[in-house]
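This report refers to the structure that appears directly beneath it.
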Amino acid sequence: MRPIEIAAAGTMLTALVAGLVVPPDAVQGDLQRIMYVHVPSAWLAYLAFAVTLVASVAHLVTKRLEWDRRAGASAEVGVVFTGLALATGMIWGKPVWGVWWTWDARLVLTAAMFFVYLAYLGLRRSVDDPVIRGRRTAVFGVVAALQIPLVHFSVIWWRSLHQPPTVLRPGEPQIDPPLLFALLMAVVAFTVLYVALTRRRVELAAAEDRLLTTGGFDESVAGAAVSAPMTGEQR
Amino acid sequence: MRRYRWFIVAGLGLVAVLTGFLVANIGADLVYYRTTSEVVDETDPVGKGRFRLGGQVVPGSIAADATGVQFEVTDGVVTLEVDHRGAPQQLFREGIGVVVEGTWDGSTFHSDSMIIKHDEQYRTEDGGVYTPDSRFPSP
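Protein chains in written order, with the working numbering: chain A, 83 to 317; chain X, 407 to 545.
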């Protein structure tokens, strides 16, 4: 465990306690507590894909592969949390709105963003050469980021079922102080978790690239007696 | 082909989402719901067939019978009668936003589907009041 990972566990625990202890919403009751997972998940989607944008630009400028790895790691974490935001949104929507899903601008654009970044990860997997992969995915990472403001402002630009922003809005947050505290604690916890997860993933990506560029496994690790199992065509 | 598998999965998902959005909204001219003012302003809303109507439930207007609930919705300017068949949603109450789907006969909106549209405010029991979404009335 590293300091950042201990910090992630600590803030997560604090956020969990805060989310369970603060009073329920006057209208929605305890159902509103889903917000303490849903909103930070959506926030991480924005943050992660924004970092992918910055790292993609940095890769195009510097040509350094470490920026490409950061872009990929961030997108991977972002896709997971976009999926979590969609899932918790559906779990929240069923009892409160009365439907799991509806064809509303915010919901559709978020799902579109999820699939676009899934395609980004697919593109990363489909190119073996790190240099070509870096260039192609960096362009994808820059173009795909155009959706981020579209998703966030969709509830303001279009008439939608999804409510407009509560905290990230001009004027005062439309939320009482104890509820806002729990929400901000959750946002802090998810952000620290994002940093911890992305760092590990960048290191893993660096190890993968080393494995590919050095051309195979280091036999001294597993011992020369161990060989790869035979597969279909070789047999 | 194997290398592009996830690329294809994501592409199909994206196409499915966008197609669903178009199919679901094309009948309503790409508007998620109409306000009460828009329904009254339209030249022939009766001939529009099914559409969604959004508004705030008028306090004191709710009545229930064996088949459903009757109430009024408003956008702050125009108030319309709604006759809803079926059980209302769990959060249905005075002053909350609803999006009902059905047909308009010129005097009453006949709905068979209700979605609650809650606003962006989260308050504790002793906190502030719940106020209508004032962003979309057409004066």
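Glycine included, C-beta positions come from ideal geometry on N, C-alpha and C. Every value quoted in this text rests on a predicted model; they were computed, and no experiment measured them.
For X/V484, which residues of its own chain have a beta-carbon under 6 Å away from its beta-carbon, when the five flanking residues on both sides are left out?
T442, S443, V446
Could you tell me whether any Cβ in chain A is nearer than 8 Å to the Cβ of X/W510?
no
So, do the region 157-169 of chain A and the region 247-259 of chain A have three or more beta carbon pairs nearer to each other than 8 Å?
no
Just verifying my parser: in three-state terms, what is the DSSP assignment at X/T537?
The pLDDT assigned to X/T537 is 47, lower than 50, so where the model puts this residue is not dependable, and the model offers no usable value.
When the distance is taken between beta carbons, is A/G216 closer than 8 Å to A/H141?
yes
Assign A/E290 to buried or exposed, taking buried as 16 or more other Cβ atoms, counted over all protein chains shown, within 10 Å of its Cβ.
exposed
Against chain D, which members of the region 181-192 of chain A pass a CB distance test of less than 8 Å?
Looking at the structure shown, chain D is missing, and the protein chains on hand are A and X.
With a threshold of 6 Å on Cβ separation, who are the neighbours of A/A130 within its own chain once the five nearest residues in sequence on each side are excluded?
S156, V159, G160
State yes or no: is the C-beta of A/V221 within less than 8 Å of the C-beta of A/A90?
no
Shorter than 8 Å from the beta carbon of A/A89 to some beta carbon of chain X?
Interface criterion not met: the Cβ of A/A89 is under 8 Å from no Cβ in chain X.
If you drop the 5 nearest sequence neighbours on each side, which residues of the same chain put their C-beta closer than 6 Å to that of A/R188?
S236, V237, S242, H244
Neighbouring residues, chain X, relative to A/Q245 (Cβ below 7 Å)
The contacting residues are H524, D525, E526.
Contact list for A/D107 against chain X, beta-carbon separation under 7 Å
Y528, R529
Outcome for A/K145 when other beta-carbon atoms lying within 10 angstroms are tallied against a minimum of 16
Per the 10 Å Cβ criterion, exposed.
Taking all protein chains shown into account, decide if A/V213 is buried (16 or more other Cβ within 10 angstroms of its Cβ) or exposed.
Looking at its Cβ environment, which holds fewer than 16 other Cβ atoms inside 10 Å, A/V213 is exposed.
Reduced DSSP secondary structure (H/G/I, E/B, other) of X/E526
coil
What three-state label does DSSP hand A/T248 in the structure shown?
coil
Just the chain X side, please: which residues come within less than 8 Å of A/V130 by C-beta, in chain order?
Looking at the sequence shown, residue 130 of chain A is not Val but Ala. The premise fails here: A/A130 is roughly 16 Å from chain X at the closest Cβ pair, so nothing lies under 8 Å.
Let me know if X/T537 comes out buried or exposed under the rule of 16 or more other beta-carbons within 10 Å of its beta-carbon.
With a pLDDT of only 47 at X/T537, under 50, the local geometry of the prediction cannot be trusted, and the value read off the model is given with reservation. X/T537 should be labelled exposed.
Can you tell which of A/L205, A/P85, A/L126, A/L113 has the C-alpha that lies nearest to the C-alpha of A/F272?
A/L126
In whole angstroms, give me the CA-to-CA distance for X/V415 and A/L200.
8 Å
Straight-line CA distance for A/D258 to A/G101?
14 Å
Tell me whether X/D525 is buried or exposed, calling it buried when 16 or more other Cβ atoms sit within 10 Å of its Cβ.
buried
Which one or two residues does DSSP pair with X/V506 in a beta bridge?
X/L459, X/M520
Alpha helix (DSSP H) segment containing X/R491, residue limits
If you look at X/R491, you'll find it isn't in any alpha helix (DSSP H); it sits in the beta strand (DSSP E) that goes 485-491.
Answer with buried or exposed for X/V421, where buried requires no fewer than 16 other C-beta atoms within 10 angstroms of its C-beta.
X/V421 sits exposed, since fewer than 16 C-beta atoms from the chains shown fall within 10 Å of its C-beta.
Could you say if the region 275-285 of chain A and the region 259-266 of chain A meet the contact criterion of at least three C-beta pairs nearer than 8 Å?
no
Can you tell me whether A/R317 is helix, strand or coil according to DSSP?
Because A/R317 carries a pLDDT of 49, less than 50, the predicted location of this residue cannot be relied on, and no value is offered for it.
Going along the region 478-493 of chain X in order, which residues come within less than 7 Å of chain A, judged by CB to CB distance?
none
Using a Cβ cut-off of 8 Å (strictly closer), state whether A/T134 contacts chain X.
Taking a beta-carbon distance threshold of 8 Å, A/T134 does not count as an interface residue toward chain X.
Taking 7 Å as the cut-off, is the C-beta of A/K176 nearer than that to any heavy atom in the ligand GDP?
As for the ligand GDP, it is missing from this structure, which has no ligand bound.
Does the beta-carbon distance from X/V479 to X/G461 come in below 8 Å?
yes
Contact with chain X by A/G171, beta-carbon distance below 8 Å:
no
Using the Cβ count rule (16 or more neighbours within 10 Å means buried), how would you classify A/G92?
By the neighbour-count criterion, in which 16 or more other beta carbons inside 10 Å mark a residue as buried, A/G92 falls on the exposed side.
Which residues bound the alpha helix (DSSP H) around A/E285?
259-295
In whole angstroms, what is the alpha-carbon distance linking X/V464 and A/P231?
35 Å
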